[in-house]
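Chemist: The sequence shown runs 0 to 331 under numbering that gives the first Met the number 0.
Don't be surprised by glycine CBs; every beta carbon is placed ideally from N, CA and C.
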Amino acid sequence: MKELDEAKNHAKITVKMNGKGGHSKETIEVHDWKTAEHEVAAAHDGANEEESFEWVLPELDADKIEEFRPIHYTPVPKKKSFFQNKLPNKKSMPAIIFSIASAVVIGALLGLVVLKFIEYGDSQTKKSASAPAAGSAGGEKQAQAQQLPALTVGILQAGVFSTKEAAAKVSDELAAKSVPSMLLTMDGQHYIFAGVAESLLVVKNLKTVFADKGVELYAKEISFSSKKIQTVTNDDQIFAQNTVPLFEKLVKETSNSFQTGTVSADGMQAMKSSAETISRLETIKQETLQQLKKYETAAYESLLSYEKSGNKQDLAKAEQNLLDYVKVYSGH
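1. If you compare alpha carbons, which of Glu220, Ala107, Met185 and Ala210 is closest to glutamate 197?
2. Looking at glutamine 188 and the ligand FMN, is the gap between the Cβ and the nearest heavy atom below 7 Å?
3. Identify which residue in Ala149, Gln143 and Leu183 has its Cα closest to the Cα of histidine 331.
4. From the DSSP output, read off the bridge partner residues of leucine 147.
5. Cα separation between serine 332 and lysine 316?
6. Let's test the definition: count the other Cβ atoms within 10 Å of the Cβ of valine 113 and tell me whether it reaches 16, buried, or not, exposed.
7. Can you have a look at valine 103 and say buried or exposed, based on whether 16 or more other CB atoms are within 10 angstroms of its CB?
8. Would you tell me roughly how many angstroms separate the C-alpha atoms of alanine 157 and methionine 267, rounded to the nearest one?
9. So the beta strand (DSSP E) isoleucine 283 belongs to, where does it begin and stop?
10. Any idea what DSSP makes of valine 169, helix, strand or coil?
11. Please return the same chain residues whose Cβ sits closer than 8 Å to the Cβ of valine 243, not counting the five positions on each side in sequence.
12. Taking the alpha helix (DSSP H) that valine 201 falls in, what are its first and last residues?
13. Output needed for alanine 46: all residues of its chain with C-beta closer than 6 Å, excluding positions within five of it in sequence on either side, in chain order.
14. Using DSSP bridges, identify the partner residues of leucine 182.
15. Does glutamine 319 pass the burial test, meaning 16 or more other C-beta atoms within 10 Å, or should it be called exposed?
16. How about isoleucine 283 and phenylalanine 246: are their beta carbons less than 8 Å apart?
17. Whether or not the stretch 260-277 and the stretch 168-176 are in contact is what I'm after, with contact meaning three or more pairs of Cβ atoms, one per stretch, closer than 8 Å; do they touch?
18. Cβ of serine 329 within 8 Å of Cβ of phenylalanine 160?
19. Please classify lysine 248 as buried or exposed, where buried requires at least 16 other C-beta atoms within 10 Å of its C-beta.
20. Thinking C-beta only, is leucine 173 closer than 8 Å to valine 208?
21. Determine the closest residue to leucine 288 out of Met181, Met270 and Gln240, with distance taken between C-alpha atoms.
22. Apart from the five residues on each side of it in sequence, which residues of its chain come closer than 6 Å, Cβ to Cβ, to lysine 176?
23. Taking the alpha-carbon positions, what's the valine 195 to alanine 298 distance?
24. Is it buried or exposed for leucine 216, if we count other Cβ within 10 angstroms and need 16 for buried?
25. Alpha carbon to alpha carbon, how far is alanine 193 from valine 274? Give it in angstroms, no decimals.
26. I need the straight-line Cα distance from leucine 155 to isoleucine 117, nearest angstrom please.
27. What three-state label does DSSP hand leucine 216 in the structure shown?
28. Express the C-alpha separation of valine 250 and serine 278 in angstroms, rounding to a whole number.
29. Within the same chain, show all residues whose beta-carbon is closer than 6 Å to that of lysine 226, passing over the 5 residues directly before and after it, in chain order.
30. Please identify the residue among Ala100, Leu109 and Lys206 whose C-alpha is closest to the C-alpha of asparagine 255.
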């Protein structure tokens, strides 16, 4: 036991050469510090002998010996994914959504405004390029001056009076005898007219028709100068261009019917197209033109009734409407 304890107590020292241990290197065990000096000295002597020994080493191919070089390792930075960079931050999502929504709304509004401007420009181009057709509905448009031509007609005068009351009394007497009449005030005088014809010559012949009724009339010619009116719609312009030609046809046919007692079929056919065109004009807004259309259309319809019935009252109504047309046209 004593020897075992001494063995345990002895320190065992292992010397490694060149920082490595192993069987290829010589290991010196020192069992006792006192005797170690002698053993070390002996080992030293042996080393000296080894130094003088000529070592024969195997020849190695220098190319096969790998050269150990220090490697400086630098970690490669991890590449970020393209989609990672594009992913928005959760905190910025409301702002992005708001920006997208605003862009969509503003784009839609701008598109609507541009579309409206384009549609408005196209409609204006079409209106200016197309001339107003006869009998069209006639929409609103910018007011334009329209020229009404001068008008000259033969007329039957029943008298001239200084007061309107005296003129109105004569007008009532003529109505009682189924004679048309119209009161027209000009230059401070009040005139009563009882018939109208296309010329002075024709109105003189018409005078004899009313003589049988016990009415004294005077054949005269009356003229009205041309004048400008402000039209409002397409129908205003169409009517202003066609009203006088139709009036002249109506006057001629009515005066002939008074003299002959019948309506000319050719005469009615000649004015049919113009009369139908004017009757379809529904948006006449100029006040003077409205009144002219009213009396002109009524005169044509009275002639149609007389053509069918032969009733003299219808012929008198046609003449009365033509007299009222002359009054409106005169502007008095």
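Modeler: Reading off the structure:
1. Glu220
2. Ligands are entirely absent from the displayed structure, and the ligand FMN is therefore not among its contents.
3. Leu183
4. Lys226
5. Outside the shown range of the chain (0 to 331) lies residue 332, about which nothing can therefore be said.
6. exposed
7. exposed
8. 29 Å
9. Looking at the DSSP string, isoleucine 283 is not in any beta strand (DSSP E), and its letter there is neither H nor E.
10. helix
11. Leu147, Pro148 and Leu150
12. 199-210
13. Per-residue confidence for alanine 46 stands at a pLDDT of 48, beneath the threshold of 50, marking its modelled position as unreliable; the derived number appears in the next sentence. Closer than 6 Å at the Cβ level, and outside the excluded window around alanine 46, lies no residue.
14. Ile191
15. buried
16. no
17. no
18. no
19. buried
20. no
21. Gln240
22. Lys212
23. 13 Å
24. buried
25. Before going on, a small fix: residue 274 reads as alanine here, not valine. Roughly 24 Å between the two C-alpha positions.
26. 60 Å
27. coil
28. 18 Å
29. Leu147
30. Lys206
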